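Residue numbers (UniProt numbering): 1 to 188. Quick reminder that beta carbons are idealized off the backbone N, C-alpha and C, glycines included. Computed from a predicted model, the values in this text were never measured in an experiment. The structure appears below as structure tokens.
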Amino acid sequence: MQTAKGRPRLEKAGIVESAIGLLNDDGYEALTLRKLAARLGVQAPALYWHFADRAALLEAMVTELQDRVPVAPVPMTRGETGDWILARGIAFRQILHAIRDSVRLFAEATINPTMDVQFTEMLSRIEGLDRRQVVYLAAVLNSYVLGWVHYEQQPEMVRFMGENLDVEADFEAGLRAIAIGITAQMGV
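Pasting the structure below:
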């Protein structure tokens, strides 16, 4: 759909997609409302119709990246929860790797409980988990993956990790340790 002046109509999803593209192309420092508006062919004030401020845009970007994590079926039996945690962590890491400065985006955005609704709703369907355990599991898993990818996005840490670790295998080993510990602790 177009405006009366023939320009494409701005929609929230399109703005977020363009913002993620700008982040990926030019990095976090270049992610300004002015540059985003130029990319969209509009004036910066047009973006305020959809986002009250830059913080609201960052929150929407984080939510979009979390929503991109493939949704694996929720474990139906107690013994499958650990494998599900492992698959979810690997998929989240892949999404973060696909976007330049993604961890910095997560660090700078104001995180709120509604941002990862899809994930916490899935977790709440795991038999035997109460609300506290759902929130705990989400926090532990997201913190581990974000922390690991943060290291992977720092050139000196990449070099250090490459000299001392098998980065892929050790990421998965850490994730597996979390899955084993949490499933044992929670009895799922």
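Would the beta-carbon of residue i fall within 9 Å of that of residue j?
i    : j    : result
V149 : R88  : no
I15  : L58  : no
A52  : L10  : no
T110 : V188 : no
L86  : L165 : no
V167 : E152 : yes
L31  : A44  : no
A55  : K12  : no
Going by alpha carbons, who is nearest to residue i out of the options?
i    : options                : result
G128 : T183, G41, M61, V69    : T183
N112 : Q133, V62, P73         : V62
E29  : R159, E108, G162, Q43  : E108
V74  : F106, H50, L31, L123   : L123
E64  : A173, I126, Q133, F106 : F106
Q133 : D170, G181, F171       : G181
L40  : A55, Y48, R54, A19     : A19
D170 : Y144, V42, R125, D130  : Y144
Taking only beta-carbon atoms, is residue i less than 9 Å away from chain B?
i   : result
E64 : Note that chain B does not occur in the displayed structure, where there is just one protein chain.
Are there any heavy atoms of the ligand NAP lying less than 8 Å away from the beta-carbon of residue i, as far as the coordinates show?
i   : result
F51 : Within the structure as shown, the ligand NAP is missing, as the structure has no ligands at all.
In chain order, what are the residue ranges of uninterrupted alpha helix (DSSP H) at least 4 long that sit wholly in the region 67-126?
81-98, 102-108, 117-124
Counting Cβ pairs, one atom from each stretch, are 3 or more of them under 8 Å apart for the region 93-108 and the region 127-141?
no
Between the region 101-115 and the region 20-35, do three or more beta carbon pairs fall short of 8 Å?
yes
For the region 118-167, list the alpha helix (DSSP H) runs that are entirely contained and at least 4 residues long, ordered along the chain.
131-152, 155-164
Per the contact definition of three or more C-beta pairs closer than 8 Å, is the region 105-125 in contact with the region 60-70?
yes
Segments of 4+ residues assigned as alpha helix (DSSP H) that fall wholly inside the UniProt domain "HTH tetR-type" (9-69)
12-26, 33-40, 54-67
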